[in-house]
Amino acid sequence: MKTRSLAALTTLCLMTPPAFAEVSITEAWANSSVPLQKVTGAFMKITSTEDARLIALQSPAAEVVELHEMRMEGDHMIMRAVPELKLPAGVTVELKPGSYHVMLLGLKAQAREGDSLPLSLTIESFANGSRQTIETQLSVKPLGGH
Numbered sequence: 036m037k038t039r040s041l042a043a044l045t046t047l048c049l050m051t052p053p054a055f056a057e058v059s060i061t062e063a064w065a066n067s068s069v070p071l072q073k074v075t076g077a078f079m080k081i082t083s084t085e086d087a088r089l090i091a092l093q094s095p096a097a098e099v100v101e102l103h104e105m106r107m108e109g110d111h112m113i114m115r116a117v118p119e120l121k122l123p124a125g126v127t128v129e130l131k132p133g134s135y136h137v138m139l140l141g142l143k144a145q146a147r148e149g150d151s152l153p154l155s156l157t158i159e160s161f162a163n164g165s166r167q168t169i170e171t172q173l174s175v176k177p178l179g180g181h
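Quick look at the structure:
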């Protein structure tokens with residue numbers, strides 16, 4: 036009897052999908068581009084209900100999408116790609132100019148003011164390693180028009 040109950044419970048646990056953090060993305064926007072410009076930056080606020088991390092980005096609007104960080108090193112501002120961004124539980128993480136941001140590289144078309152660019156973010160839970168993809172739209176604003 037105990038063996039059957041344990042087997043049934045184990046089967047039920049294996050059938051239960053992993054719980055995902057609730058992740059909200061707000062104020063998602065991108066800079067407009069000029070003709071022939073192949074890159075633009077995107078910005079947003081991300082909040083997760085549990086400790087998680089942003090591990091991948093994709094958009095059909097660009098050949099490559101990367102997470103970048105800008106910071107001062109000595110008297111120089113540098114920008115570099117980073118592999119992930121930690122999302123502490125309950126804390127709103129802001130991707131903004133001069134800090135962490137998204138770079139869309141190899142734009143397939145000019146990003147014009149008023150356009151909307153799709154963006155997929157892959158979030159991984161620290162608790163159980165489960166991954167989810169969040170879809171959002173980037174509102175294209177005039178260059179420097181945040």
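For the sequence shown, the working numbering begins at 36 and goes up steadily by one. By construction, the Cβ of each residue, glycine as well, lies at the ideal position given by its N, Cα and C atoms.
Residues in its own chain within less than 6 angstroms of K121 by CB, not counting five upstream and five downstream?
Here the question's residue 121 lines up with position 86 in the sequence shown. These residues qualify, in order along the chain: R88.
What are the boundary residues of the beta strand (DSSP E) that includes Q93?
Working through the sequence shown from its first residue, we reach residue 93 at position 58. Here the beta strand (DSSP E) through Q93 covers A87 to Q93.
Using C-beta distances below 7 angstroms, list every residue in its chain close to V99, excluding the 5 sequence neighbours before and after it, in chain order.
On the sequence shown, residue 99 is found 64 positions in, with the first residue counted as 1. Taken in chain order, the residues that qualify are L140 and G141.
Where A146 falls: helix, strand or coil (DSSP)
For the purposes of this step, residue 146 is taken as residue 111 along the sequence shown, with counting starting at 1. Here A146 sits in coil by DSSP.
With distance defined between alpha-carbon atoms, name the residue in P132, R115 and L173 nearest to S155.
The residue labelled residue 155 in the question sits at position 120 within the sequence shown. Looking at the Cα atoms, L173 is the closest of the given residues.
Does the beta-carbon distance from T84 to E119 come in below 7 angstroms?
Position 49 of the sequence shown holds residue 84. Position 84 of the sequence shown holds residue 119. Contact: no.
7 angstroms Cβ cutoff met for K90 and T171
By one-based count along the sequence shown, residue 90 stands at place 55. By one-based count along the sequence shown, residue 171 stands at place 136. The sequence shown places Ile at residue 90, rather than the Lys named in the question. Cβ atoms of I90 and T171: not closer than 7 angstroms.
Compute the Euclidean distance between the alpha carbons of V74 and D110, then round it to the nearest angstrom.
Indexing the sequence shown from 1 puts residue 74 at position 39. Indexing the sequence shown from 1 puts residue 110 at position 75. If you take the alpha carbons of V74 and D110, they lie about 25 angstroms apart.
Report the rounded CA-to-CA distance for V69 versus P123, giving the unit in angstroms.
As a working note, residue 69 is residue 34 in the sequence shown. As a working note, residue 123 is residue 88 in the sequence shown. If I take the Cα positions, the gap works out to 36 angstroms.
Does DSSP classify K73 as helix, strand or coil?
Numbered from 1 along the sequence shown, position 38 holds the residue referred to as residue 73. Note: K73 maps to coil in three-state DSSP.
Pick helix, strand or coil for P118, following the three-state DSSP scheme.
In the sequence shown, the residue the question calls residue 118 occupies position 83. Three-state DSSP puts P118 in coil, outside helix and strand.
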